[in-house]
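Last residue of the sequence shown: 253 in the working numbering, with the numbers rising by one and none dropped.
Have a look at the structure below before the remarks.
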Amino acid sequence: MIATLTQEQRAAALAELPEWTVVAEPDGISRRFVFSDFVAAFGFMTRVAILAEKADHHPEWSNVYNRVDIVLTTHDAGGLSQRDVDLAHAINSLLE
Ligand code: HBI
158 MIATLTQEQR AAALAELPEW TVVAEPDGIS RRFVFSDFVA AFGFMTRVAI LAEKADHHPE
218 WSNVYNRVDI VLTTHDAGGL SQRDVDLAHA INSLLE
């Protein structure tokens, strides 16, 4: 059973993910990515998809041309869990 993060765990996790913002509905974190064009955005999405499959943890996301909006929340837990935090760090690493 995966649990949501406590208030203290949330604060600590978010401090290490300054690019991500808290969203209320669903309870999670979100980040907007903007690329040079659609192909660059879709290539990024492909890489995230591979990370998600490897983690068995999948984003809620949308793409408009060169923009990708990602929300991470854990459906099984009903909110923000460590899986979301871990995937956010892995996604951030794609940009390095
Ligand atoms: N992705 N975001 C998210 N939340 C989940 O609860 C989840 C998932 N991907 C796969 C997954 N759960 C499976 O392990 C089953 O629990 C459905």
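Glycine is no exception: its CB is placed at the ideal position from the N, C-alpha and C atoms.
Kindly indicate the opening and closing residues of the beta strand (DSSP E) around GLU253. Counting along the chain, GLU253 falls outside any beta strand (DSSP E), and DSSP gives it neither H nor E.
Quick one: what does DSSP say GLY200 is sitting in, helix, strand or coil? DSSP places GLY200 in helix when its eight states are reduced to three.
With a threshold of 16 other CB atoms inside 10 Å of the CB of ASP241, please say whether the residue is buried or exposed. Counting Cβ neighbours within 10 Å, ASP241 comes out buried, since at least 16 surround it.
So LEU208 packs on ILE159, CB below 8 Å; how close in whole Å? A Cβ-Cβ separation of about 18 Å leaves LEU208 out of contact with ILE159 under the 8 Å criterion.
Sort out for me which residues DSSP pairs ILE227 with in a bridge. Residue pairing by DSSP puts ILE227 in a beta bridge opposite ARG188 and TRP218.
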